[in-house]
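K.L.:
94 is the number of the first residue of the sequence shown in my numbering; add one for each residue after it.
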Amino acid sequence: MNDRANAPAGEPDLPGFPFPGSSHRGPAPLFARLRAERPVVRVAWTGGGHAWLVTRHEDVIRVLDDPRFSRAASYAPEAPRFSGLFQAPPGMIISLDPPDHTRLRALAEQAFSRERVEGMRPRVREVAGRLLDALEKEAGHGPVDLVAGFAAPLAMTVICELLGVPEGDRDRFHAWVRQFADVSAPEEQAAEGGEKLGGYIAGLVAAKQREPADDVLSALIGARLGEDRLGFEELVGLGFTLLGAGFDSSAGQIGNFVVTLLAGHRDLWRRLGEHPREIPAAVEELLRTVNLNGNDTSGLPRIATEDVPIGDVVIPAGEAVFLAFPSANRDASVFADPDRADFGRTDNPHLAFGHGIHRCLGAPLARLELTVALQELTRRFPDARLAVPEQELTWRAGDVNHNLLALPVELSRSTA
Numbered sequence: 094m095n096d097r098a099n100a101p102a103g104e105p106d107l108p109g110f111p112f113p114g115s116s117h118r119g120p121a122p123l124f125a126r127l128r129a130e131r132p133v134v135r136v137a138w139t140g141g142g143h144a145w146l147v148t149r150h151e152d153v154i155r156v157l158d159d160p161r162f163s164r165a166a167s168y169a170p171e172a173p174r175f176s177g178l179f180q181a182p183p184g185m186i187i188s189l190d191p192p193d194h195t196r197l198r199a200l201a202e203q204a205f206s207r208e209r210v211e212g213m214r215p216r217v218r219e220v221a222g223r224l225l226d227a228l229e230k231e232a233g234h235g236p237v238d239l240v241a242g243f244a245a246p247l248a249m250t251v252i253c254e255l256l257g258v259p260e261g262d263r264d265r266f267h268a269w270v271r272q273f274a275d276v277s278a279p280e281e282q283a284a285e286g287g288e289k290l291g292g293y294i295a296g297l298v299a300a301k302q303r304e305p306a307d308d309v310l311s312a313l314i315g316a317r318l319g320e321d322r323l324g325f326e327e328l329v330g331l332g333f334t335l336l337g338a339g340f341d342s343s344a345g346q347i348g349n350f351v352v353t354l355l356a357g358h359r360d361l362w363r364r365l366g367e368h369p370r371e372i373p374a375a376v377e378e379l380l381r382t383v384n385l386n387g388n389d390t391s392g393l394p395r396i397a398t399e400d401v402p403i404g405d406v407v408i409p410a411g412e413a414v415f416l417a418f419p420s421a422n423r424d425a426s427v428f429a430d431p432d433r434a435d436f437g438r439t440d441n442p443h444l445a446f447g448h449g450i451h452r453c454l455g456a457p458l459a460r461l462e463l464t465v466a467l468q469e470l471t472r473r474f475p476d477a478r479l480a481v482p483e484q485e486l487t488w489r490a491g492d493v494n495h496n497l498l499a500l501p502v503e504l505s506r507s508t509a
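#1: Work out the CA separation of E367 and K289 for me, nearest whole Å.
#2: To the nearest angstrom, report how far apart W35 and G319 are at their CA atoms.
#3: Could you give the distance in angstroms between the alpha-carbon of L107 and the alpha-carbon of L444?
#4: Who are the Cβ neighbours of N99 in its own chain at under 6 Å, not counting the five residues just before and after it?
#5: What's the C-alpha gap between N95 and A165?
#6: From the DSSP secondary-structure annotation, give me the bridge partner or partners of I403.
#7: I need the straight-line Cα distance from A283 to R364, nearest angstrom please.
#8: What is the rounded straight-line gap between the Cα of P101 and the Cα of S188?
#9: Closest to P442 by CA distance: which of H451, F418, L458 is it?
#10: Compare the beta carbon distance of E371 and A434 with 7 Å and say whether it is the shorter of the two.
#11: Need the endpoints of the alpha helix (DSSP H) that P373 sits in, please.
#12: Alpha carbons only, please: which of D492, V147, W138, G119 is nearest the one belonging to A129?
#13: Would you say V240 and E231 are within 7 Å of each other, going by their C-beta atoms?
#14: If W145 sits next to G109, beta carbons under 8 Å apart, how far is it from one beta carbon to the other, in whole angstroms?
#15: Unbroken beta strand (DSSP E) runs of length 3 or more, entirely within the segment 393–464: which are they?
#16: Write down the C-beta distance between E399 and R161 rounded to the nearest angstrom, noting that I regard them as a contact closer than 8 Å.
#17: Round the Cβ separation of V401 and D159 to the nearest angstrom and send it over; I've been treating them as touching at under 8 Å.
#18: For N95, name the three-state secondary structure that DSSP assigns.
#19: Helix, strand or coil: which one does DSSP assign to G291?
#20: Any idea if T471 is buried or exposed, counting beta-carbon neighbours within 10 angstroms, 16 or more meaning buried?
#21: What are the start and end residues of the alpha helix (DSSP H) that includes E367?
#22: L500 and F205 - do their beta-carbons sit closer together than 7 Å?
#23: Any beta carbon of chain B sitting closer than 7 Å to that of A499?
#24: Between the segment 212–229 and the segment 296–313, can you find at least three pairs of beta-carbon atoms closer than 8 Å?
#25: So, under 8 Å CB-CB, I396 and A172 are touching, yes? Tell me the CB distance rounded to an integer number of Å.
#26: What's the C-alpha gap between P369 and L467?
#27: How would you write the range of the alpha helix (DSSP H) that L336 sits in, first residue to last?
#28: Specify, as a first and last residue, the run of the alpha helix (DSSP H) that A137 falls within.
#29: Got a sec? Which residues, its chain only, sit under 7 Å from G286 by beta carbon, not counting five neighbours each side?
#30: Could you work out which residue in L228, H117, F124, Q203 is closest to A316 when comparing CA atoms only?
#31: Roughly how many angstroms separate the alpha carbons of S176 and P111, rounded to a whole number?
#32: Whether or not the segment 408–428 and the segment 376–394 are in contact is what I'm after, with contact meaning three or more pairs of Cβ atoms, one per stretch, closer than 8 Å; do they touch?
#33: Candidates E485, V502, L127: which alpha carbon is nearest R423's?
#34: Please confirm whether D321 and P120 have their CB atoms less than 7 Å apart.
#35: Report the rounded CA-to-CA distance for A421 versus A374, giving the unit in angstroms.
#36: Name the one or two DSSP bridge partners that N494 has.
Right, here's the structure in full:
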């Protein structure tokens, strides 16, 4: 292996990474210049250390398809460390390489199939309708908070029902998730949240092993590849994975999508209420253009296990690589007029859910929740509007994702 000390330093004309200027509206403006001039570049991490940043769609896919870029190697004692970066626990499906990942994914997909997720559609619609009924009553007294009253409880109810979390436990379950996801807090605080979540999920797995029910956790326990089955720790890890895919990301993007539409596309909001068949395509374009990632990457570094050329650059063995998915989704070589939200776009190979073997296991669930949320909101409230200017909205500081703290909205059924 090459000595990492001999690798080039971060480019001196670039700010520390993550770059300033990122928001839910899109990645930091600097990415456009990097895609054009230096699509693979070494950057200095603001908390210390260096990493390579890959910004073009084609190159991101190349890294994701190349087994020489390892997720598992990022947990080795000698691997680069980045303070303030949320790193998934080792042993989780998103932390593994083949063949361990291949086996775990094959077992998980038995329980978390598209058919099972699609079968949840009536229940998701029922929960969304109940939450909006309550908000409509509250709306008679002024603005309502769509984060606390709709996005968060919808996503939390769905994931808790998938895992079989009893209703009486969901408030504390939610609090632990928020604590675990806050990368700005002291590490021990996030670790405490993770330990509490892990202990709870472990207890849940043990209970389902004794008495299976009609939920995904029980289905995971029953999954088989011949005589092979998921071990106890693997089941706990998959519970964590489903939490990330099924709650935090979905809840965050429901709020982000609503802000995007009400602040800049109110004509489309009304149209979607009248033409719900157009919502799935709108969801795909929102997934492409609305930036969920708090640091403009997935936050999951990969390590080059040998010297690997990407474009005009050779990534030295042992170096960390970050993939800028939001930047790849603005690549003009793939998307015509990439900075414009084109809700009639038919060819949309965005990377919001990743690509390849680590493509998000929860993508079908996220699409379902986002689609149902927009269907119900636009149908019931065609004249909804933000209750405060967009620039006055508050965001969770230090979260892995761009997540709103609150989303005050004026709801109205009137079309006048």
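Just so you know, even glycine gets a beta-carbon here, dropped at the ideal spot from N, CA and C.
On a predicted model such as this, the values are computed, not experimentally measured, just so you know.
P.N.:
According to the structure data:
#1: Working through the sequence shown from its first residue, we reach residue 289 at position 196. Working through the sequence shown from its first residue, we reach residue 367 at position 274. Near 45 Å, if we compare the C-alpha coordinates of E367 and K289.
#2: Residue 35 falls outside the range modelled here, since the chain spans only 94 to 509, and no answer is possible.
#3: Reading the sequence shown from its first residue, position 14 is the one you call residue 107. Reading the sequence shown from its first residue, position 351 is the one you call residue 444. L107 and L444: Cα-Cα distance of roughly 25 Å.
#4: Residue numbering aside, residue 99 sits at position 6 when the sequence shown is read from its first letter. Caution is warranted here: a pLDDT of 42 is assigned to N99, below 50, making its placement in the model unreliable, and no coordinate value can be reported.
#5: Counted from its first residue, the sequence shown places residue 95 at position 2. Counted from its first residue, the sequence shown places residue 165 at position 72. Because N95 carries a pLDDT of 43, less than 50, the predicted location of this residue cannot be relied on, and no value is offered for it.
#6: Taking the sequence shown and counting its residues from 1, one reaches residue 403 at position 310. BP columns for I403 point to V406.
#7: Residue 283 sits at position 190 when you count from the first residue of the sequence shown. Residue 364 sits at position 271 when you count from the first residue of the sequence shown. One C-alpha to the other measures close to 42 Å.
#8: By 1-based counting over the sequence shown, the position of residue 101 is 8. By 1-based counting over the sequence shown, the position of residue 188 is 95. Summary for P101: the model assigns pLDDT 49, below 50, so the residue's position carries little reliability; its value from the coordinates is reported in the next sentence. Taking the straight line from one Cα to the other gives about 27 Å.
#9: Here residue 442 refers to the residue found at position 349 when the sequence shown is read from its first residue. Among H451, F418, L458, the Cα nearest to that of P442 belongs to F418.
#10: What you label residue 371 is simply residue 278 of the sequence shown in a count that begins at 1. What you label residue 434 is simply residue 341 of the sequence shown in a count that begins at 1. Contact flag unset, no.
#11: Numbered from 1 along the sequence shown, position 280 holds the residue referred to as residue 373. Run containing P373: 372–382, per the alpha helix (DSSP H) assignment.
#12: Position 36 of the sequence shown, counting from 1, holds the residue named residue 129. For A129, the nearest C-alpha among the options comes from V147.
#13: Within the sequence shown, the letter at position 147 stands for residue 240. Within the sequence shown, the letter at position 138 stands for residue 231. The answer is no: Cβ separation not under 7 Å.
#14: Locating residue 145 in the sequence shown gives position 52, where the first residue counts as 1. Locating residue 109 in the sequence shown gives position 16, where the first residue counts as 1. The pair is not a contact, with the Cβ atoms about 15 Å apart (cut-off 8 Å).
#15: 395–397, 401–403, 406–408, 413–416
#16: Within the sequence shown, the letter at position 306 stands for residue 399. Within the sequence shown, the letter at position 68 stands for residue 161. 6 Å between Cβ atoms; contact.
#17: The residue labelled residue 401 in the question sits at position 308 within the sequence shown. The residue labelled residue 159 in the question sits at position 66 within the sequence shown. With 8 Å as the limit, V401 and D159 qualify as a contact, their Cβ atoms being about 7 Å apart.
#18: Walking along the sequence shown from the start, residue 95 turns up at place 2. Caution is warranted here: a pLDDT of 43 is assigned to N95, below 50, making its placement in the model unreliable, and the coordinate value is therefore given only provisionally. Three-state result, N95: coil.
#19: Here residue 291 corresponds to residue number 198 of the sequence shown, with the count starting at 1. Of the three classes helix, strand and coil, the one that applies to G291 here is helix, per DSSP.
#20: What you label residue 471 is simply residue 378 of the sequence shown in a count that begins at 1. Looking at its Cβ environment, which holds 16 or more other Cβ atoms inside 10 Å, T471 is buried.
#21: Taking the sequence shown and counting its residues from 1, one reaches residue 367 at position 274. Start and end: 359–367.
#22: Residue numbering aside, residue 205 sits at position 112 when the sequence shown is read from its first letter. Residue numbering aside, residue 500 sits at position 407 when the sequence shown is read from its first letter. It is not a contact, given that the beta carbons lie outside the stated cut-off.
#23: You won't find chain B in this structure, because it holds only one protein chain.
#24: no
#25: The residue given as residue 396 occupies position 303 in the sequence shown. The residue given as residue 172 occupies position 79 in the sequence shown. Yes, they are in contact, since the Cβ atoms of I396 and A172 sit about 6 Å apart, within 8 Å.
#26: What you label residue 369 is simply residue 276 of the sequence shown in a count that begins at 1. What you label residue 467 is simply residue 374 of the sequence shown in a count that begins at 1. In a straight line, the C-alpha of P369 is about 9 Å away from that of L467.
#27: Residue mapping note: residue 336 aligns to position 243 of the sequence shown, counting from 1. 325–336 is the extent of the alpha helix (DSSP H) around L336.
#28: Here residue 137 corresponds to residue number 44 of the sequence shown, with the count starting at 1. Careful: A137 lies outside any alpha helix (DSSP H), inside the beta strand (DSSP E) at 133–137.
#29: As a working mapping, residue 286 is identified with position 193 in the sequence shown. W269, Q272, F273.
#30: Position 223 of the sequence shown, counted from the first residue, corresponds to residue 316. The candidate whose alpha carbon is nearest that of A316 is Q203.
#31: As a position in the sequence shown, residue 176 is number 83, starting the count at 1. As a position in the sequence shown, residue 111 is number 18, starting the count at 1. Approximately 12 Å between the Cα atoms of the pair.
#32: yes
#33: Here residue 423 refers to the residue found at position 330 when the sequence shown is read from its first residue. Here the closest residue by C-alpha is L127.
#34: Translated into positions along the sequence shown, residue 321 becomes position 228. Translated into positions along the sequence shown, residue 120 becomes position 27. Not a contact, by the Cβ cut-off of 7 Å.
#35: Position 328 of the sequence shown, counting from 1, holds the residue named residue 421. Position 281 of the sequence shown, counting from 1, holds the residue named residue 374. Roughly 19 Å separates the two Cα atoms.
#36: For the purposes of this step, residue 494 is taken as residue 401 along the sequence shown, with counting starting at 1. DSSP, once it has assigned bridges, lists N386 as partnering N494.
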